[in-house]
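**Q**
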Amino acid sequence: MDIMQAVKKIREGQADVCRRKAWSVGVWAWPDNYSTTGWFCINGLQIREVDLSTADIVGNDWIVT
Numbered sequence: 000m001d002i003m004q005a006v007k008k009i010r011e012g013q014a015d016v017c018r019r020k021a022w023s024v025g026v027w028a029w030p031d032n033y034s035t036t037g038w039f040c041i042n043g044l045q046i047r048e049v050d051l052s053t054a055d056i057v058g059n060d061w062i063v064t
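Under numbering that gives the first Met the number 0, the first residue of the sequence shown carries the number 0, and numbering increases by one thereafter.
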């Protein structure tokens with residue numbers, strides 16, 4: 000799915016986190032206040048703020064859980 004669909008599912012409570020299929024296993028992210036660019040990311044035990052790249056924003060390989 001695209002990023003807008005992923006954000007919509009999180010906003011509606013259908014998902015908690017999402018990731019791109021291309022990312023390493025165990026890396027998950029969620030939008031800061033439902034933003035399409037400013038996100039938080041968890042990788043292992045670290046949570047940090049991230050800005051998504053243009054490639055992430057236009058990617059269609061987002062999966063949610």
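Heads up, the beta-carbon is just placed ideally off N, CA and C, and yes, glycines get one too.
Quick one: is Ala54 buried, meaning 16 or more other Cβ sit within 10 Å of its Cβ, or exposed?
**A** On the sequence shown, position 55 is the one that residue 54 refers to. Exposed, because fewer than 16 other Cβ atoms sit within 10 Å of the Cβ of Ala54.
**Q** Quick one: grab the DSSP three-state call for Val24.
**A** On the sequence shown, residue 24 is found 25 positions in, with the first residue counted as 1. It is coil, neither helix nor strand.
**Q** Relative to the C-alpha of Glu48, which residue among Ser34, Ile9 and Arg10 is closest?
**A** As a first step, residue 48 must be located in the sequence shown, where it is residue number 49. Nearest of Ser34, Ile9 and Arg10 to Glu48, Cα basis: Ser34.
**Q** Are the CB atoms of Asp60 and Arg19 within a distance shorter than 8 Å?
**A** The sequence position of residue 19 within the sequence shown is 20, counting from 1. The sequence position of residue 60 within the sequence shown is 61, counting from 1. Against a cut-off of 8 Å, the Cβ pair of Asp60 and Arg19 comes out as a contact.
**Q** Quick one: measure Cβ to Cβ for Val6 and Thr64, integer angstroms, because I've assumed they're closer than 8 Å.
**A** Counted from its first residue, the sequence shown places residue 6 at position 7. Counted from its first residue, the sequence shown places residue 64 at position 65. Between Thr64 and Val6 the Cβ distance is about 14 Å, and since that is not below 8 Å, they are no contact.
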